[in-house]
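**Student:**
Laid out in structure tokens, this is it:
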């Protein structure tokens, strides 16, 4: 049986990791446009006809980060007169809460980086296309001799 955090990790980690690796890998230039288009398609998937996948995942990861931050900051320390078993219970709860915080922070960071890198690559591609349009056509030396 999997825990809620296992489901959270399985839902929030693989997609941004795979897409970031694909976008940032030193692949041939001819592959960049299809990969960017694929990432854009995945991030633009509509959920409930109102939100994109990127927006929903950003909301989910932000909410989980806020909740785990609050849980970590409000964690109660074990009293000094606690028995070893009670102290172990407090430490286990502290470790679990801190682990969940780091998982949420990593997930949030992955989605932020993915969305930002995707936007930067889109802008770079648009700028390259604009430069290509503004460049004059190369003159064929063979054509000048015929004139």
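Numbering (the working numbering), first residue to last: 503 to 649. For glycine and all other residues, C-beta sits at the position ideal for the given N, C-alpha and C.
(1) For residue 539, which residues from the same chain have a beta carbon less than 7 Å from its beta carbon, with the 5 sequence-adjacent residues on both sides left out?
(2) Quick check on residue 576: does DSSP put it in helix, strand or coil?
(3) In whole angstroms, what separates the C-alpha of residue 516 from that of residue 622?
(4) Compare the beta carbon distance of residue 570 and residue 594 with 9 Å and say whether it is the shorter of the two.
(5) Find out if the Cβ-Cβ distance for the pair residue 554, residue 566 is shorter than 9 Å.
(6) Tell me the DSSP secondary structure of residue 553 in three-state form.
(7) Name the DSSP bridge partner or partners of residue 548?
(8) Tell me which residue opens and which closes the alpha helix (DSSP H) that residue 586 is part of.
(9) Relative to the alpha-carbon of residue 573, which residue among 611, 505, 603 and 510 has its alpha-carbon at the smallest distance?
**Tutor:** By the coordinates alone:
(1) none
(2) coil
(3) 21 Å
(4) no
(5) no
(6) strand
(7) 554
(8) 586 to 636
(9) 603
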